[in-house]
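*Asks:* What follows is a structure written as structure tokens; I'll ask about it next.
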Amino acid sequence: MIPFPLHLESLLGKPLMYLVFLLIGFLFGYVLEISGFNHSPSLAAQFYFKSLRVFKVFFTAIVVGMLLLFASSAIGLLDYNLIWVNPTYLWPGIVGGLIMGAGFIIGGFCPGTSLVALATLKIDGIFFVLGGLVGVFLFGETVDFFKYFFNGSYFGRVTLMDVFNLPTGIIVILVTLMALLMFVGGEQLEKIYGGKDPKKAPKARYYGAVVLVLVAVVIAIIGQPTTDDRWARLAPLRESDLTNREVYIDPGELLDTFHDHKLNLIMLDVRNEADYNLFHLLDAENILPLDIPGSIDEFIAQPANTVFVVMSNDEKHATEVWKMLTSQAVPNVYILSGGINNWLDTFATPYEQGFCGDVKPAEEEELHYEFDAALGSNCPAAYPDHDKYDLEYEKKIELDLKRAPVGGGCG
Numbered sequence: 028m029i030p031f032p033l034h035l036e037s038l039l040g041k042p043l044m045y046l047v048f049l050l051i052g053f054l055f056g057y058v059l060e061i062s063g064f065n066h067s068p069s070l071a072a073q074f075y076f077k078s079l080r081v082f083k084v085f086f087t088a089i090v091v092g093m094l095l096l097f098a099s100s101a102i103g104l105l106d107y108n109l110i111w112v113n114p115t116y117l118w119p120g121i122v123g124g125l126i127m128g129a130g131f132i133i134g135g136f137c138p139g140t141s142l143v144a145l146a147t148l149k150i151d152g153i154f155f156v157l158g159g160l161v162g163v164f165l166f167g168e169t170v171d172f173f174k175y176f177f178n179g180s181y182f183g184r185v186t187l188m189d190v191f192n193l194p195t196g197i198i199v200i201l202v203t204l205m206a207l208l209m210f211v212g213g214e215q216l217e218k219i220y221g222g223k224d225p226k227k228a229p230k231a232r233y234y235g236a237v238v239l240v241l242v243a244v245v246i247a248i249i250g251q252p253t254t255d256d257r258w259a260r261l262a263p264l265r266e267s268d269l270t271n272r273e274v275y276i277d278p279g280e281l282l283d284t285f286h287d288h289k290l291n292l293i294m295l296d297v298r299n300e301a302d303y304n305l306f307h308l309l310d311a312e313n314i315l316p317l318d319i320p321g322s323i324d325e326f327i328a329q330p331a332n333t334v335f336v337v338m339s340n341d342e343k344h345a346t347e348v349w350k351m352l353t354s355q356a357v358p359n360v361y362i363l364s365g366g367i368n369n370w371l372d373t374f375a376t377p378y379e380q381g382f383c384g385d386v387k388p389a390e391e392e393e394l395h396y397e398f399d400a401a402l403g404s405n406c407p408a409a410y411p412d413h414d415k416y417d418l419e420y421e422k423k424i425e426l427d428l429k430r431a432p433v434g435g436g437c438g
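Under our numbering, the first residue of the sequence shown is numbered 28, with each subsequent residue one higher.
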């Protein structure tokens with residue numbers, strides 16, 4: 028069992044969950060306060076290279092957080108795929124970053140540090156927060172004028188591992204070394220522009236740097252868990268779902284889900300292209316099992332109301348893909364009971380019968396219907412008339428909304 032991230036609401040209930048959030052927020056603010064981050068001149072000094080304390084503190088937090096995150100994942104204490112990574116909107120992110128940077132220079136605060144200054148009744152912090160509230164209001168009133176740009180250049184859940192196509196361990200080492208080199212460069216800039224002597228800085232920082240590098244190397248050596256590793260840990264909990272058929276949904280339930288507009292339905296047809304071209308459900312996406320790993324990030328980034336239904340001719344291949352998706356923490360994954368063969372047994376009309384004739388005996392995971400033409404989804408059975416069917420079935424689909432958000436930056 029992978030214990031983290033914890034779903035606090037189910038463990039503690041809402042009142043205690045909010046208390047934990049309040050405690051975390053208080054401790055975060057306290058750390059910012061004792062670090063002197065409620066003092067705008069100290070914060071603005073980093074832009075003039077006189078004091079890079081802000082850069083050092085936050086980049087240290089980023090590196091330590093990264094190492095703890097992937098070390099925990101490597102030893103099986105945390106499922107990284109359950110950590111919500113903010114989706115990338117490239118150009119809006121760049122423009123927003125430039126605007127925030129300009130505001131940081133002018134006002135001397137970022138959103139998080141401004142709230143710390145407000146809590147300690149700093150006049151400049153109070154006015155900065157008020158200005159931020161005005162900005163939020165103006166943005167909300169004008170966003171429709173540039174909504175296409177604001178929602179443009181969407182790349183989904185993108186990490187450095189995706190960008191550089193490198194293993195997680197290598198990225199961890201490179202980011203750690205980059206941070207240490209930037210710390211050295213920062214000290215030299217402070218020496219030149221701020222008159223600070225690096226020799227007077229605590230010697231313990233060298234020991235800390237060695238520890239960070241060693242941890243990064245260990246993470247790279249251990250590696251991140253494979254799909255098989257993940258399923259081996261998860262199997263004791265989820266095998267019963269297969270045995271008890273808790274994740275196999277009746278064709279009638281899938282038909283009803285077609286018309287449930289509260290759900291974002293994604294159907295994954297994992298058959299070969301030939302069978303898919305002969306017949307498939309309307310809007311079903313053809314994806315081979317070998318291509319599933321490359322789409323995991325895309326699936327995880329889907330809205331919380333997304334339901335995935337995997338289908339093959341029977342159930343064998345769909346069940347293997349279900350294990351793959353479930354082990355990678357893709358939520359709300361179900362299997363079409365009996366596969367496409369059962370779907371056609373339930374919804375085939377005289378139109379399809381005219382093309383496929385009688386049902387033929389076939390091996391497991393072979394299409395039982397022998398089509399004379401590639402109908403694809405161009406026939407009634409691909410999207411049956413919902414009003415003509417009133418099928419009884421045991422409802423299986425239930426949304427699992429457990430996911431842990433992770434933010435970045437100082438605000």
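All C-beta atoms in this analysis are idealised placements derived from N, C-alpha and C, irrespective of residue type, glycine included.
Give the range of the alpha helix (DSSP H) segment to which residue 199 is assigned.
*Replies:* From DSSP, the alpha helix (DSSP H) with residue 199 extends over 195-220.
*Asks:* Start and end of the beta strand (DSSP E) containing residue 112?
*Replies:* That residue, residue 112, is in no beta strand (DSSP E); it is neither H nor E in DSSP.
*Asks:* Go through its chain and collect everything with a Cβ distance to residue 157's Cβ below 8 Å, but skip five positions before and after it.
*Replies:* Cβ neighbours of residue 157 beyond the five flanking positions: none.
*Asks:* Alpha carbon to alpha carbon, what distance is there between residue 312 and residue 296?
*Replies:* If you take the alpha carbons of residue 296 and residue 312, they lie about 6 Å apart.
*Asks:* Just to confirm my understanding: we take residue 40, look at its own chain, exclude 5 residues before and 5 after, and list those with CB closer than 8 Å. What are they?
*Replies:* Nothing meets the Cβ criterion.
*Asks:* Per DSSP, what kind of secondary structure is residue 313 in: helix, strand or coil?
*Replies:* Reduced to three states, the DSSP call for residue 313 is strand.
*Asks:* Rounding to the nearest angstrom, what Cα-Cα distance links residue 231 and residue 87 in this structure?
*Replies:* Whole-angstrom Cα-Cα distance: 14 Å.
*Asks:* Looking only at its own chain, which residues have a Cβ that is under 6 Å from the Cβ of residue 374, when we skip the five neighbours before and after it?
*Replies:* Correct list, in chain order: 408, 411.
*Asks:* Within its chain, find whatever has a CB closer than 6 Å to the CB of residue 236; leave out the 5 residues flanking it on each side and keep chain order.
*Replies:* For residue 236, where only same-chain residues beyond five positions count, the Cβ hits under 6 Å are 207.
*Asks:* Would you kindly work out how many angstroms separate the C-alpha atoms of residue 390 and residue 343, rounded to a whole number?
*Replies:* Each residue's alpha carbon lies about 12 Å from the other.
*Asks:* So residue 97 and residue 248 are supposed to be a Cβ contact under 8 Å. How far apart are they, rounded?
*Replies:* Their Cβ separation, rounded to whole angstroms, is 12 Å, which puts residue 97 and residue 248 out of contact at 8 Å.
*Asks:* Can you check DSSP and say which residues form a bridge with residue 296?
*Replies:* Answer by DSSP bridge pairing, in chain order: 313, 338.
*Asks:* Hey, quick one: how far does the beta strand (DSSP E) through residue 360 stretch, first residue to last?
*Replies:* Run containing residue 360: 360-363, per the beta strand (DSSP E) assignment.
*Asks:* Going by C-alpha distance, which of 76, 307, 288, 241 is nearest residue 294?
*Replies:* For residue 294, the nearest C-alpha among the options comes from 307.
*Asks:* Measure how close the beta-carbons of residue 276 and residue 423 come, nearest whole angstrom, since I'm counting them as under 8 Å.
*Replies:* Yes, they are in contact, since the Cβ atoms of residue 276 and residue 423 sit about 5 Å apart, within 8 Å.
*Asks:* Is residue 235 close to chain B, meaning its C-beta is less than 9 Å from at least one C-beta of that chain?
*Replies:* In the displayed structure, chain B is absent; only one protein chain is listed.
*Asks:* Between which two residues does the beta strand (DSSP E) harbouring residue 135 extend?
*Replies:* No beta strand (DSSP E) contains residue 135, which DSSP labels as neither H nor E.
*Asks:* According to the neighbour-count rule (16 or more other Cβ atoms, all chains shown, within 10 Å of its Cβ), is residue 460 buried or exposed?
*Replies:* Because the chain in this structure spans residues 28 to 438, residue 460 falls outside the shown range and cannot be described.
*Asks:* Would you call the region 41-48 and the region 61-71 in contact, with 3 or more CB pairs under 8 Å?
*Replies:* Taking 8 Å as the limit for Cβ pairs, the verdict is that the region 61-71 does not touch the region 41-48.
*Asks:* For residue 26 and residue 299, what's the separation of their Cα atoms in angstroms?
*Replies:* As shown, the chain starts at 28 and ends at 438. That puts residue 26 outside it, with no answer to give.
*Asks:* Considering only residues of the same chain and omitting the five flanking positions on each side of residue 303, which have a CB-CB separation below 6 Å?
*Replies:* Correct list, in chain order: 296, 313.
*Asks:* Excluding five sequence neighbours on each side, which residues of the same chain lie with their C-beta closer than 6 Å to the C-beta of residue 115?
*Replies:* Cβ within range, chain order: 182, 185.
*Asks:* Within its chain, find whatever has a CB closer than 7 Å to the CB of residue 431; leave out the 5 residues flanking it on each side and keep chain order.
*Replies:* Low per-residue confidence applies at residue 431: pLDDT is 49, beneath 50, and the placement is therefore not dependable, though the value from the model is reported in the following sentence. For residue 431, where only same-chain residues beyond five positions count, the Cβ hits under 7 Å are 32, 109, 110, 111.
*Asks:* Who are the near neighbours of residue 376 in its chain, counting only those whose CB is closer than 7 Å to its CB and skipping five residues on each side?
*Replies:* Cβ within range, chain order: 407, 408.
*Asks:* Using a Cβ-based criterion (distance less than 8 Å to any ligand heavy atom), does residue 118 qualify as near the ligand SAM?
*Replies:* The model depicted lacks the ligand SAM and carries no ligand whatsoever.
*Asks:* What does a CB cutoff of less than 7 Å around residue 332 pick up in its chain, not counting 5 residues either side in sequence?
*Replies:* 289, 290, 291, 426, listed in sequence order.
*Asks:* From residue 177 to residue 393, what does the alpha carbon distance come to, in whole angstroms?
*Replies:* Each residue's alpha carbon lies about 47 Å from the other.
*Asks:* Can you look up residue 40 in the DSSP assignment and give me helix, strand or coil?
*Replies:* The answer is coil: DSSP assigns residue 40 none of H, G, I, E or B.
*Asks:* Does DSSP put residue 304 in a helix, a strand or coil?
*Replies:* Helix, per DSSP.
*Asks:* Assuming residue 345 and residue 323 are in contact, meaning their beta carbons sit under 8 Å apart, how far apart are those beta carbons, in whole angstroms?
*Replies:* Their Cβ separation, rounded to whole angstroms, is 17 Å, which puts residue 345 and residue 323 out of contact at 8 Å.
*Asks:* What's the call for residue 174, buried or exposed, on a 16-neighbour Cβ count within 10 Å?
*Replies:* Classification for residue 174: exposed.
*Asks:* Tell me the start and end of each unbroken alpha helix (DSSP H) in the region 146-199 that is at least 4 residues and wholly inside, in chain order.
*Replies:* Segments of the alpha helix (DSSP H) lying fully in the region 146-199: 150-169, 174-177, 187-191.
*Asks:* Considering only their Cβ atoms, is the gap separating residue 83 from residue 213 smaller than 9 Å?
*Replies:* Cβ atoms of residue 213 and residue 83: closer than 9 Å.
*Asks:* Looking at C-alpha atoms only, which residue of 52, 159, 242, 326 is the closest neighbour of residue 130?
*Replies:* The residue with the shortest Cα to Cα distance from residue 130 is 159.
*Asks:* Note the first and the last residue of the continuous alpha helix (DSSP H) segment covering residue 264.
*Replies:* That run of the alpha helix (DSSP H) goes 254-270.
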